[in-house]
Amino acid sequence: MTAPNRNALWARTFADELARTGIDAVCIAPGSRSTPLTEAFDRHDDIETFSHLDERSAAYFALGRARRTGEVTPVLCTSGTAAANFHPAVIEASQARVPMLVLTADRPPELRDSGANQTIDQEKLYGDAVRWYKDMPEPEATDRKLRSLRTTAGRAVSEATGVDAGPVHLNFPFRKPLEPTYVEGDVPADLDPEALDGRSGSRPYVKTTAGAPELSEDHLRKLADDLAVDRGLIVAGPADPPGFNAEAVAAFAHATGFPVVADPLSGLRFGGHTRTTTVLGGYDAYLDERVTADWPDPEVVVRIGASPTSKALRKYLARTDARQYLVDPTGRWREAEFGATDLVEAEPSVLAWRLSQLIRNRPDEAWNALWSDAEDAYWSLVDDETDAFEGRLAADVADLAPEPATLFVSNSMPVRDLDRFARPSTKSRTVLGNRGASGIDGIVSSALGAGSAATDHLTLLTGDLAYYHDMNGLLALGRLGVDATIVLVNNDGGGIFHMLPIEGYEPPFTDQFKTPHGLDFAATEDLYDLSFASVDPDDFRDAYAESVATDGTDVIEVRTDAESSHRVRERIAERARERLSD
């Protein structure tokens, strides 16, 4: 490897080692102090660069790619507040266990705490949201330093993608010159070839062999014995990247005879396994105390993934006397009702497959019929509803998206509508969302990042406030060549607040909570070179079908009334409770 100065050598060595670990793309926000790393990534033949003008959008784009692939897309910025703009995405990645490698450039150490321009305290900037932090040494062209740099690159990727996946932060101080200009004597001619050029055969300098936690044979058989009961449930919450093995979970469901309660972000509500596995999706509407008061409790519940989106499901599980097994590969706690009785430290898919080989329960037909009948009753009520409302849009997207499709769904009401109204089906959908910290920032960028990592059709289902929060992210459409169908549910404000008791207090409900904005989003058509159409809810299915059949990005805005939509949700749920209570 040749380099004109020590900064360039340092950055090019780091980029080379990342490529050797399998990194093939990086998101870059422009800036001066990060010039050595930007130049190194840009010139590397095996690394694709995604250039973003907005640091927050860059970080969420990288997060979306990692959520889709389960692999790291590093994100790079200059010093100062640029690094602070990464923080929301870092928090989301930490909470949702999404692999992320954050690279921040910094001023030399002597300028810290000096009042120097664009210099802030970047040491451990993201606190305990990162799995590993390292303040990198200043660039130096010595054998030992270059070996250390290559080792750090490999360790960083390993830490970010390990069992407890999440963000890793490396902070790089650079002195001038930042550009690849020649500095005589900066790079000695007698450097060790292996430190300079890396291991032979494009091998990583340090290779980590990752493993997944498994139970011992004794503990496995004990758990299998505990699950040999008549009534049980498998509850699948939002999955950590890269997701659950649907075949393994289906095999476990068949062996136990337990229905699968599948969050829309679990990866288990849609797919071929639903042909032969009882997968439930309407539970948010019917798991009410009035309905379940006469139901027998499950004897055991096996929980995988993060806490479910559905509050009704979480409250139902808290009411039961079941023994609840919380399966988590990291051994961390993700159950805020504190109803779980056992924490099982194991990789969920591997555990499901091994247990399926040991258990042969006889399905309790009455127990399974209870759940299947509730599902049938609920979905018939949904089909009978004639009024247009926001939940119907979520159901239509899940139904009409091409196969295969990546569906990214915003927080607030869209993910709740998908949870309640997207019926389980055999269709091939990868459904993603940012449920780690459940913010509405960065949704557009996360969706486009996910779309950039796959050849599937991409649909983003979002509300107006989330669209507004991340309109900067739309710049990636033209700059980075990502296409999508964006379904914009515009109810002019925070529709989710109609679910809360504050709805009955006026003021301050409208001005301080719902906060209508009155924005005309049609202006984004010319600003970001996309196609924008505003349609009535009754015309949405035709507009969506036309969009997914054509190239380019279409924004389909559907104007809705948040209050009337919420009344429809309440009406369907009340009818379900009445029918099932009878």
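Under this note's numbering, the first residue of the sequence shown carries the number 29, and numbering increases by one thereafter. Built from N, CA and C at the ideal position, the CB exists for glycine as well.
Ranked by Cα distance from residue 468, the options 485, 484 and 501 are led by 501. Under the three-state reduction of DSSP, residue 487 is assigned to strand.
With the rule of 3 Cβ pairs closer than 8 Å, the stretch 273-284 does not count as touching the stretch 218-230. In this structure, the beta-carbon distance from residue 326 to residue 428 does not fall below 7 Å.
Going by DSSP, residue 410 is part of the alpha helix (DSSP H) stretching over 393-412. Residues of the same chain with a CB within less than 6 Å of the CB of residue 370, apart from the 5 flanking positions on each side, are 353 in chain order.
Below 8 Å, too few C-beta pairs join the stretch 172-184 and the stretch 252-268 to call them touching: fewer than three. By the beta-carbon neighbour count (other beta carbons within 10 angstroms, threshold 16), residue 388 is exposed.
When only Cα atoms are considered, residue 477 and residue 324 end up about 45 Å apart.
Look at the beta carbons and you see the stretch 471-485 touching the stretch 75-93: at least three pairs across the two are nearer than 8 Å. Judged by beta-carbon spacing, residue 126 lies within the 7 Å limit of residue 269, meaning their Cβ atoms are closer than that value. For residue 395, the closest C-alpha among the options 376, 470, 288 and 338 is that of 288. Taking C-beta atoms as the reference points, residue 322 and residue 340 fail to come closer than 7 Å. Within the model, the alpha-carbon separation for residue 382 versus residue 485 is close to 34 Å. Annotated three-state conformation of residue 326 is coil, per DSSP. Straight across, the Cα-Cα distance linking residue 536 with residue 526 is about 13 Å. For residue 222, the enclosing alpha helix (DSSP H) starts and ends at 221-225. With contacts defined by Cβ atoms closer than 7 Å, residue 504 and residue 434 do not form a contacting pair.
Only residues of its own chain outside the window of five on either side were considered, and among them 167, 168, 169, 211, 214 and 215 have a CB closer than 8 Å to the CB of residue 34, listed in chain order. Taking C-beta atoms under 8 Å as the contact rule, residue 446 and residue 292 qualify, at a distance of about 5 Å.
Between residue 101 and residue 111, the C-beta spacing is not below 7 Å. Counting only unbroken stretches of 3 or more residues, the beta strand (DSSP E) elements lying wholly within the stretch 52-78 are 53-56, in sequence order. Excluding its 5 nearest sequence neighbours in each direction, residue 155 has no C-beta neighbour in its own chain below 6 Å.
Annotation: the continuous alpha helix (DSSP H) that includes residue 119 extends over 115-124. For residue 453, the closest of 610, 165 and 300 by C-alpha to C-alpha distance is 300. In the structure shown, residue 194 falls within a coil segment according to DSSP collapsed to helix, strand and coil.
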